[in-house]
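Enquirer:
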Amino acid sequence: PGLDVLAKRAGLLYFGTAIDNVVLNNSQYISIAHNKSEFGQVTPSNGQKWMYIEPQQGKFNYSMGDAITKPGREAGQMGRCHTFIWHNQLPEWLTAKNWTKPELVKVLENHIRHEARHYYDSCYAWDVVNEAFNDDGTLRETMWLNTIGKSYIELAFKFARKYTSPRTRLYYNDYGIERVNNKSIAVAEMVKYFLKRGVPIDGVGLQAHFTTGRSPSYNETSASIAQYNKLGVEVALTELDVRQALPDSHEQQQAQAKIYADSVKACVDAKDCVGVTVWDFWDPVSWVPETFPGYGDACLWSANFTKKPAYYAISDMLREY
Ligand code: G3I
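Numbering of the sequence shown is given in mature numbering (1 follows the signal peptide of the UniProt record, and there is no 0), commencing with residue 16 and proceeding in unit increments.
(1) Near Val-279, which residues of its chain fall below 6 Å by C-beta distance, leaving aside the five closest residues on each side in sequence?
(2) What does Glu-249 pair with, by DSSP beta-bridge criteria?
(3) Express the C-alpha separation of Arg-194 and Tyr-233 in angstroms, rounding to a whole number.
(4) Express the C-alpha separation of Gln-222 and Ser-60 in angstroms, rounding to a whole number.
(5) So does Asn-76 have its beta carbon nearer than 7 Å to some heavy atom of the ligand G3I?
(6) Just the C-alpha distance for Asp-151 and Ser-199, rounded to the nearest angstrom, thanks.
(7) Is Ala-35 a contact residue of the ligand G3I, with contact defined as CB to any heavy atom under 7 Å?
(8) Look at the Cβ atom of Ala-140, then the Cβ atom of Gly-218, and state whether they are nearer than 8 Å.
(9) Sort Ala-82, Pro-308, Thr-236, Gly-228 by Cα distance to Leu-39 and report the nearest one.
(10) Within 10 angstroms of the Cβ of Asp-189, are there 16 or more other Cβ atoms? Answer buried if so, exposed if not.
(11) For the putative contact between Lys-289 and Ala-238, defined by C-beta atoms under 8 Å, what is the C-beta separation to the nearest angstrom?
(12) Could you tell me the alpha carbon to alpha carbon distance between Met-158 and Lys-173, rounded to whole angstroms?
(13) Taking only heavy atoms of the ligand G3I into account, decide whether any of them is closer than 7 Å to the Cβ of Glu-193.
(14) According to DSSP, is Leu-123 helix, strand or coil?
(15) Using CA atoms only, rank isn't needed, just tell me which of Val-300, Glu-107, Tyr-327 is closest to Asn-319.
(16) Does the segment 100 to 113 come into contact with the segment 42 to 55, if we say contact requires no fewer than three beta-carbon pairs (one atom in each stretch) closer than 8 Å?
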């Protein structure tokens, strides 16, 4: 049995992967990506981001997102949708202009309205807002914050609730919140504040981009998940990967395997952690080497499509449930 089959037996809703458009012509890759036994859920790594979806104002193009979500649906895989509001990968027409607040709120609502309707039945969850906080718990300076003010986050959630299917779970998604720290506490405070005032939010996505040698322990991740579950929202590990300093070694692969297995286990053992998504499963398409030169080999399958120790560590761990 593959990872999704084992994860479901252990009580998760899914074990999934991100898929990038650059690799859609690789048939060996695709046969694993849409193998429902391994992955019960898929997320487009890029295809649903603003610059690709609305490359010109009011002109929507869903081809890149659809290229991932359609085969996923045909294979019977769930979808996580990523992401409405981020400060990255925005189109030029949006970033180049000096918007007034009412103008930008309109642009935001219009974008969410169109994209939410297009993917109405394709998303178990939407990452409504992505990476809005700094590590110290303050809000990140972005065009959204600068022009609309901090209410842009709750506006985005309200628009998302208005236009997505009522079955779609609305998530706040971020990295560096897999431990109890200033950032993860600030996110918990936001969730609390939203729930108190009736702003719709259903979940928190812990991205879980880890590095061998300095990743959170099982207990640390468990404690962070618990701080959100305690408030009554669900959690998912949304972008799990574990990068290595290159060149990779046998020892590093073993260490990586333990981090992968411990992270998935923290989700399985939590009160309400619904699933785990790896941020791609194949080393050659990982985002890591481009962003962190000297690091790589972060995924479960190596370049020649062999499964790495990390794959077997997750699989063995899940079999114990
Ligand atoms: O669009 C161009 C394309 O025209 C060109 O042919 C190609 C050549 O390399 O590059 C394409 O753009 C790349 C884009 O991904 C689409 O493949 C960018 O250079 C590249 O920087 C971009 O990287 C993505 C990154 O987000 C952008 O910040 C990664 O693939 C994607 O995995 C990564 O995902 C983010 C999550 O959304 C949020 N959390 C962190 C995570 C990792 O950074």
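Yeah, the Cβ is synthetic: ideal placement off N, Cα and C, and Gly gets one too.
Expert: A quick look at the data gives this:
(1) Val-291, Ile-329
(2) Gly-218
(3) 10 Å
(4) 12 Å
(5) no
(6) 9 Å
(7) A small fix is needed here, since residue 35 is Asp in this sequence, not Ala. Because some heavy atom of the ligand G3I lies under 7 Å away, the Cβ of Asp-35 counts as near it: yes.
(8) yes
(9) Ala-82
(10) buried
(11) Just to set this straight, residue 289 is Val in the shown sequence, not Lys. Incorrect: roughly 18 Å between the Cβ atoms, too far for contact.
(12) 19 Å
(13) no
(14) helix
(15) Val-300
(16) no
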